[in-house]
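A.B. asks:
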Amino acid sequence: MEGMGANQNNSAKPRARPIVRLGIFLISHSNIVSVVCFTAGVVALLLLPILAKNTYISENALMPGSANNMLSTHHVTDANKFIKDLTDMEFRSGASPMERRKLMAHYMSALDAEVTFHKFYPQFNQFHPLHFFTGPNSDIISENATCSSFGINTVGIIRAPRGDGKEAIVLVTPYNPNKVGMGEALSLGIAYSVFALLSRVTWLAKDIVWLVADSQYGEYSAVAAWLREYQAPAFRRVDIVNSETCNESSTFNEFGQGLCVDGKLNGGFRRAGTMAAALVIKVAEQGNQYEDSLNIYAEASNGQMPNLDLINIVNYLAVHKQGLRIKVKKMWSLLGSKWLKTLGVIFESLGQIARSLNPQWKFGIPATEYVEGAATLASSLYYQGLGVPTGPHGAFRDYQVDAITLEISPKVSLTKMIRRNEFILRGGRLIEGVIRSINNLLEKFHQSFFLYLLTSPSKFVSVGVYMISFALLVAPLPIVAAYLHSDASDSVPQNTSAEVDANHKSWKWLNSARKVLVVHIWGVVVSLFPFFLCQVPNTTPTTNFVLWGLLSAYSLPILYLILGSPIFEAVASRHEKNTWASLKSVTITTTFIGLSLMSVINFATAEIGALLIVPICLLARPLKLDTQARSWRTLLRASCNLMLGFIGFPPVAFVLLKGAFEDFYGINVGDYWNWLESLWAWNSATYLYIAVVHLPCWALCIHILFHPC
Amino acid sequence: MGLLHPKATFPLSLVFLFLFFLMASAEEEFLEELLLKPLPDRKVLAHFHFQNEAPLAAHSFARHHHLFPKSISQLVKKFHIKTMELSFTQGRWNYERWGGFDPISSHNAKPPGVELWAVFDVPQHQVDASWKNLTHSLSGLFCASINFLESSTSYSAPEWAFQSALGSLRYGTLPREAVCTENLTPWLKLLPCRDKAGLSSLMDRPSIYRSFYHSQRLHLAMPTAASNGSKSGIILEQALTVVLQPDNQKAGIDHVSTKIQPSWSLSSIFGRKISGRCVVAKLSNIYLHVERGPVTQLENLQKKTSKIAANDTGPEDYRRNSVFELSVTPERVHTELEKSSSSLYEYSIKDYKDIEQFDLGLTWKHPVVWSSPHAPLFASRFLMGSGNERGAIAISLKSTEVTEGLAAANNVEERCKLQVNVLQIVPWYVKVYYHTLQLLVDERPQVLTDFVERMRVSPSEDKVSPGVMELVLQFPCEMKSAVLSIEFDKGFLHIDEYPPDANQGFDIPSAIISFPDYHAGLQFLDKSQSKSPLLSKLQERSPVLSYTEVLLVPLTTPDFSMPYNVITITCTVFALYFGSLLNVLRRRVGEEERLLKNKEAKKGVFFRRLLTNVSAKLRGRPSESPLPPPSSSSLFVNSKLIFRVLIVAGIAVAWQYYSQ
């Protein structure tokens, strides 16, 4: 507000302090500033693949690959025997899932491991409106768990011979005992070969836990159930287990006793110290055509990542020792896009020019590399932003354990024996190397980054770099808000007395704030609707979505009537002209606050959200004013606003994003519901962001667009 | 100590010395023994036991000794030690597989790292001082950082849960202490023959440190004479317990198929043989302890074949039977009182020639599966919760076959009770809330007072003392499982209390679970009062004791570059504060307003006045009339500025030019 006044009588005054002058300058040129900042933000985002650094092993104690591999063909032969026994059961008549577990337990205990079975009731995803941000709770036992639906994890523990048992490394192989695929059997084989080796080695300092997760109710839920029992057990007996109707439980007990012969198997749950790291091993069913490759999945809930060193070790060992081709997820649709290629070419030529000027400036990368990097970066951003873990490793991150999923995909189908041996040897040696590195570690993983985006398996963008683009994107928001606020207060008619004027100002601001608050409360209400919709039985996603939309649409006017009773409306209506500016200023401020908060919780969501919501927040202006002006500029602005408003609508944004990442085929309305359902089921903060920040801000922007000035 | 290295060229002097020794130290004794025991999981336990006794003669004690180490007697004399035990341990004792209900496990299974406890014979107020001095002395003696136990945060004074009725006891552990040869060497120096002769010559460092469990123990005791209650002498017990894996190439490969235990011999597990006894040792014996399991199986097998064989069990029969075969015939066999119980084969070491060396071997002929006797309850301890804020410690007790048998036996009689003593010591940075102590018996929450007989809690004091909780619990014998859980908050350490590098976390020392109603002891049929201290140790009725796991608590580790950030931000805040404060102090608001009013009066526009007022406030500058802006001075400033810029640029150019 002072800025404009200051500009007017600047000449008469002595020069203000530079910082104030700078502020005034920025505020008075907010249009240019916002355009420049936003463009710079987008450009900075596009530059990230170029700015990415090569990864390096930051923690010296890890020393990956400095020891010779001890995994030999003996272990592979043993593993092959194990696989054969396991797959042969498929053909034998009357082989129950329990038989398979027994077989695994037998093999494990033959290696002198402590074997236990962990029985769990899978938790079906349910919407708990107040369980966002709370840690995993042992008291949540889903009501609809029945006796018939339970899983049994098989757990083998090797105690380090001379270790003190304070720490453990966890190996996880998801496995469905009802239906054995070749891939799952092979992943078990790889884990078995490593386990067989580790039960004999003398260098082990941390205990090794091999969890064969029963994945018939999902890989994640099996691992999560085991972790819950490990970290936060409920000692109280669950009554479902003991009810008379459960025959299965008694058979389970019998079975547990049956294996207790040699004194190695004890029915109770076993633990092995604080977990240092966890590796989930999977083998893809169908391979790619060219070579053995390794996919790394690292994203856990709410965009949390494991320490970069863990990925670095895997990357180093896979590439330099085992000759595996390593991959991280990419956005395939971006790979073929023309504009990205052009951009890559431009950056490449810029880099060449720079190099010709000074040979020490090396920032250009080849265009193809740029496109690849951008595609990987986009997918990294997307999966972090989604806040849903990309595999069973996500369950570990909830307990501050670094974990990744390694999916090894073979070159050809693994029916051939010789090929299979080599495959197991490679996979086993990789896992052995990683475990040996982690085993060396005397500390927690702390040395490398936790906040990063990957642009390729060996390149990353750290938080210090990628937050620049976000900062640039949101920087115009407070400036424009300040400008609008001062503008709105300045243009108050000046024929009234000072007090009334002051009153008007505060009233107007409060009016807009109240409106914004009401809309945000509406957002909270909308976010809670699914909880009630879930209670309605027998609904399809589409009807749920439609119901939700209707409820949301109706609840807004109702809430407005209840909360937004026009206390100051009479006074405010006299200056109807400028209310939109004040409203926009408050909206922008709340958007800024919301985005900043979100960037702390899940940076990627905030980044994507800023890309969607910031343009419309900056541009929003009543269409009426624009159409009245009738210059090409205002018309362009109006159409831009309409388009951005359309894109900003959450379901539309979802369809566009999904189309960009997967494809447009077969998208229906119900998908949005399903997507949101998955978000809240995984306790993703993105759901809260969409409902409490994005949706109200978007609604307010639309309100401004159709403001009756 | 010339007599330790008797030279063949001076036999006469040797004899003379030996006689002299016998005369002078009629009561100083040294005995060496070794107990070997095959374990159910294909491993072998070797337990060396050395005992050194000295009389408490006032004139020569701690001044001159023939066999007893002088350094230890000086320690005893100086710090008035009544009883003391120091142990260095690497690895964990596997209570499940190696047993928890025998004298070896309750005396020699120790928590990883260093454990030290001592009872002093001094007035109460001097105990702490004696302890501190003792830790420093031991630290020097054993090349270990026992001196860290000096700090009052690391030791405690349990009153009755650990070693009852011993008086002024101090107890401390260092779970992180690494154990290696430099701790063993000073320990061996206390032996009269070191490791040059006798049983200790078996201690080949690589094979000992390759073991799965390694614990060296030093125990000092002052037995009181039965007649007058005064102390008669001092007994120094040194024990080394190792669990070794017989190096068997064949068994390593097809371990899945064969069930036969690996055969071993002294030379295969230690890589050495015994060439003779320690000359000064009064007793030098080797025992082979075969547990109840194999003996029972052997008897069953013999019953089948007894029709053919005559029923005499001569020593040759012990040596060679259908289950195993020994390479040397035992001199004596001790069997336990009960039917079908463990037996002990005794060998005494004579002086051997160079060619003929003692090498005891055991070859298994028949696959035997057995399990060692377990403690009444199997205790394990773990941490619950995650994150850097809070957590919980849980001690879970599970019944084993011992209590199951008891519950069946005592069904008719009055309710049988099982007493369990728990001693839990927690460092101060784990802030335990004792009111959150919960007890669940058979998965049902129970009222604590129904089960707790006695309880003593001394809460921790920040940076002064650890928290100690002693519990005496009475459980019904038919109980299947019990869980004790207690919640804690993680405290913050001072910056210099953190280890210099990033750490994995901090340790909570092992809890001690003891069962005072149960006594681990073997009753041998042999009535002949053997002088062997190891045998008497085995027969001693001592309460069953087990240690739980050491826990690792990850504490919040600060970013140690943080002080820099804090300094920066504090300086910024201070600068802003003082800047604005000076600004406020310097400004004269009244004067300012008066001038402004004058000015506004000229213009006569109210709104303007308001705006300028506000803008002036914002700028924090007195909005006085612009007095000193003569154009010349500003020009001067500008030229000066340009001049400076030029100088800097010139320097930069020069630098660039000369640096290349």
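For the record, the sequence lines run as chains A and B. Just add 3 to the spot in the first sequence (first one is 1) and you have my numbering. Just add 13 to the spot in the second sequence (first one is 1) and you have my numbering. Note that beta-carbon positions come from the ideal geometry of N, C-alpha and C, so glycine has one too. These figures come from a predicted structure and were not determined experimentally.
Is the distance from the Cβ of A/L622 to the Cβ of A/C643 below 8 Å?
C.D. replies: Translated into positions along the first sequence, residue 622 of chain A becomes position 619. Translated into positions along the first sequence, residue 643 of chain A becomes position 640. Yes, Cβ-Cβ distance for A/L622 and A/C643 is below 8 Å.
A.B. asks: Going by alpha carbons, who is nearest to A/E222 out of A/I160, A/P180, A/G526 and A/S440?
C.D. replies: Walking along the first sequence from the start, residue 222 of chain A turns up at place 219. Ranking A/I160, A/P180, A/G526 and A/S440 by Cα distance to A/E222 puts A/P180 first.
A.B. asks: Can you give me the C-alpha to C-alpha distance between A/A3 and A/M334, rounded to a whole angstrom?
C.D. replies: Lying outside 4 to 712, the shown extent of chain A, residue 3 of chain A is not represented and no answer is given.
A.B. asks: Give the interface partners of B/Q517 over in chain A, defined as CB-CB distance under 9 Å, in chain order.
C.D. replies: The residue labelled residue 517 of chain B in the question sits at position 504 within the second sequence. Result: K169, E170, T277, A279, L444, L445, E446 and K447.
A.B. asks: Quick one, which residues of the region 173-197 of chain B are near chain A if we go by CB-CB under 9 Å, in chain order?
C.D. replies: Going along the region 173-197 of chain B in chain order, one finds P188 and R189 with a Cβ nearer than 9 Å to chain A.
A.B. asks: Beta-carbon within less than 7 Å of B/N121's beta-carbon, same chain only, minus the 5 sequence neighbours each way: which residues are those?
C.D. replies: Residue mapping note: residue 121 of chain B aligns to position 108 of the second sequence, counting from 1. Answer for B/N121: H60, S228, R230, A252 and T254, listed in chain order.
A.B. asks: Using a Cβ cut-off of 7 Å, pull out every chain B residue sitting near A/F238, in sequence order please.
C.D. replies: Against the first sequence, residue 238 of chain A aligns to sequence position 235. In chain order: L453, E456 and V496.
A.B. asks: At a CB-CB cut-off below 7 Å, which residues of chain A make contact with B/L565?
C.D. replies: Within the second sequence, the letter at position 552 stands for residue 565 of chain B. Result: K169, E170, G276 and T277.
A.B. asks: Could you work out which residues of chain A lie near B/Q103, taking near to mean beta carbons separated by less than 8 Å?
C.D. replies: If you number the second sequence from 1, residue 103 of chain B lands on position 90. Those within 8 Å of B/Q103 in chain A are R165.
A.B. asks: Count the other CB atoms within 10 Å of the CB of B/V439; is the residue buried (16 or more) or exposed (fewer)?
C.D. replies: Sequence index remark: in the second sequence, residue 439 of chain B carries index 426 (1-based). Buried.
A.B. asks: Please decide whether A/D674 counts as near chain B, where near means a Cβ-Cβ distance under 8 Å.
C.D. replies: Stepping through the first sequence from its first residue, residue 674 of chain A is reached at position 671. No - not a single Cβ of chain B is within 8 Å of the one on A/D674.
A.B. asks: With DSSP as the reference, label B/F248 as helix, strand or coil.
C.D. replies: Within the second sequence, the letter at position 235 stands for residue 248 of chain B. This sequence places Ile at residue 248 of chain B; Phe is not what is there. Strand at B/I248.
A.B. asks: Going by beta-carbon coordinates alone, are A/V331 and A/T379 separated by less than 8 Å?
C.D. replies: To locate residue 331 of chain A, count along the first sequence from 1; it is residue 328. To locate residue 379 of chain A, count along the first sequence from 1; it is residue 376. Yes, Cβ-Cβ distance for A/V331 and A/T379 is below 8 Å.
A.B. asks: Where DSSP assigns a beta bridge to B/T96, which residues make up the other side?
C.D. replies: Within the second sequence, numbered from 1, the residue matching residue 96 of chain B stands at position 83. Answer is B/V132 and B/A234, bridged to B/T96.
A.B. asks: Given a cut-off of 8 Å, decide if A/L615 and A/A656 are closer than it, judged by their beta-carbon atoms.
C.D. replies: On the first sequence, residue 656 of chain A is found 653 positions in, with the first residue counted as 1. On the first sequence, residue 615 of chain A is found 612 positions in, with the first residue counted as 1. It is a contact, given that the beta carbons lie within the stated cut-off.
A.B. asks: Just verifying my parser: in three-state terms, what is the DSSP assignment at B/V666?
C.D. replies: Position 653 of the second sequence, counting from 1, holds the residue named residue 666 of chain B. B/V666: helix per DSSP, three-state reduction.
A.B. asks: Quick one: what's B/Q432 bridged to in DSSP?
C.D. replies: Locating residue 432 of chain B in the second sequence gives position 419, where the first residue counts as 1. Answer is B/Q487.
A.B. asks: Could you tell me whether the Cβ of B/F395 comes closer than 8 Å to any Cβ of chain A?
C.D. replies: Position 382 of the second sequence, counted from the start, is the residue given in the question as residue 395 of chain B. Chain A, which has a Cβ nearer than 8 Å to the Cβ of B/F395, makes this yes.
A.B. asks: Nearest by alpha-carbon distance to B/L49: which of B/P389, B/K493, B/T581 and B/L357 is it?
C.D. replies: Reading the second sequence from its first residue, position 36 is the one you call residue 49 of chain B. For the residues B/P389, B/K493, B/T581 and B/L357, the minimum Cα distance to B/L49 belongs to B/L357.
A.B. asks: Is B/Q64 helix, strand or coil by DSSP?
C.D. replies: Here residue 64 of chain B refers to the residue found at position 51 when the second sequence is read from its first residue. B/Q64: strand per DSSP, three-state reduction.
A.B. asks: Taking the straight line between their C-alpha atoms, what separation do you get for B/A614 and B/R607?
C.D. replies: Counted from its first residue, the second sequence places residue 614 of chain B at position 601. Counted from its first residue, the second sequence places residue 607 of chain B at position 594. Straight-line Cα distance between these residues: approximately 10 Å.
A.B. asks: Report yes if the C-beta distance between B/A515 and A/H77 is below 8 Å; otherwise report no.
C.D. replies: What you label residue 515 of chain B is simply residue 502 of the second sequence in a count that begins at 1. What you label residue 77 of chain A is simply residue 74 of the first sequence in a count that begins at 1. No. Outside cutoff.
A.B. asks: Since B/G398 meets chain A, which of its residues come closer than 8 Å, beta carbon to beta carbon?
C.D. replies: Here residue 398 of chain B refers to the residue found at position 385 of the second sequence. Residues of chain A passing the Cβ test: Q234 and A235.
A.B. asks: Using CA atoms only, rank isn't needed, just tell me which of A/V391, A/F238, A/L586 and A/F426 is closest to A/P699.
C.D. replies: Counting from one through the first sequence, the residue named residue 699 of chain A turns up at place 696. For the residues A/V391, A/F238, A/L586 and A/F426, the minimum Cα distance to A/P699 belongs to A/L586.
A.B. asks: Can you list the beta strand (DSSP E) stretches of 3 or more residues lying completely in the region 145-192 of chain A, in chain order?
C.D. replies: The region 145-192 of chain A contains these whole beta strand (DSSP E) runs: 154-161 and 170-178.
A.B. asks: Taking all protein chains shown into account, decide if B/F587 is buried (16 or more other Cβ within 10 angstroms of its Cβ) or exposed.
C.D. replies: Working through the second sequence from its first residue, we reach residue 587 of chain B at position 574. Exposed, by the Cβ-count rule.
A.B. asks: Under a CB-based cut-off of 8 Å, is A/T248 close to chain B?
C.D. replies: On the first sequence, residue 248 of chain A is found 245 positions in, with the first residue counted as 1. Here A/T248 scores only 44 on pLDDT, less than 50, and its place in the model should not be relied on; the value that follows carries that caveat. For A/T248, the answer is no, since every Cβ of chain B falls outside 8 Å of its Cβ.
A.B. asks: Determine the direct distance from the alpha carbon of A/L476 to that of A/N34, and round the result to whole angstroms.
C.D. replies: Position 31 of the first sequence holds residue 34 of chain A. Position 473 of the first sequence holds residue 476 of chain A. Their backbone Cα atoms lie some 14 Å apart in a straight line.
A.B. asks: Could you list which residues in chain A have their beta carbon closer than 7 Å to that of B/P678, in chain order?
C.D. replies: Because chain B spans 14 through 673 in this model, residue 678 of chain B falls outside it and cannot be assessed.
A.B. asks: Can you tell me where the beta strand (DSSP E) with B/E359 in it begins and where it stops?
C.D. replies: Position 346 of the second sequence, counted from the start, is the residue given in the question as residue 359 of chain B. Here the beta strand (DSSP E) through B/E359 covers S356 to S361.
A.B. asks: So, with DSSP's three-state summary, where would you put A/F399?
C.D. replies: Here residue 399 of chain A refers to the residue found at position 396 when the first sequence is read from its first residue. Looking at A/F399 - three-state DSSP - the assignment turns out to be helix.
A.B. asks: Taking only three categories from DSSP, how would you classify B/H138?
C.D. replies: Against the second sequence, residue 138 of chain B aligns to sequence position 125. If DSSP states are grouped into helix, strand and coil, B/H138 belongs with the helices.
A.B. asks: Whose CA, out of A/M66, A/N156 and A/A194, lies closest to the CA of A/E232?
C.D. replies: For this step, residue 232 of chain A is matched to residue 229 along the first sequence. A/E232 has its Cα closest to that of A/N156, out of A/M66, A/N156 and A/A194.
A.B. asks: Which residues, taken in chain order from the region 100-119 of chain A, show a beta carbon closer than 7 Å to some beta carbon of chain B?
C.D. replies: Answer in chain order: A113 and D115.
A.B. asks: First and last residue of the alpha helix (DSSP H) that includes A/R231?
C.D. replies: For the purposes of this step, residue 231 of chain A is taken as residue 228 along the first sequence, with counting starting at 1. From DSSP, the alpha helix (DSSP H) with A/R231 extends over E222 to Q234.
A.B. asks: Does any residue of chain A bring its CB to less than 8 Å from the CB of B/S672?
C.D. replies: In the second sequence, counting from the first residue as 1, residue 672 of chain B sits at position 659. No, because no Cβ of chain A sits closer than 8 Å to the Cβ of B/S672.
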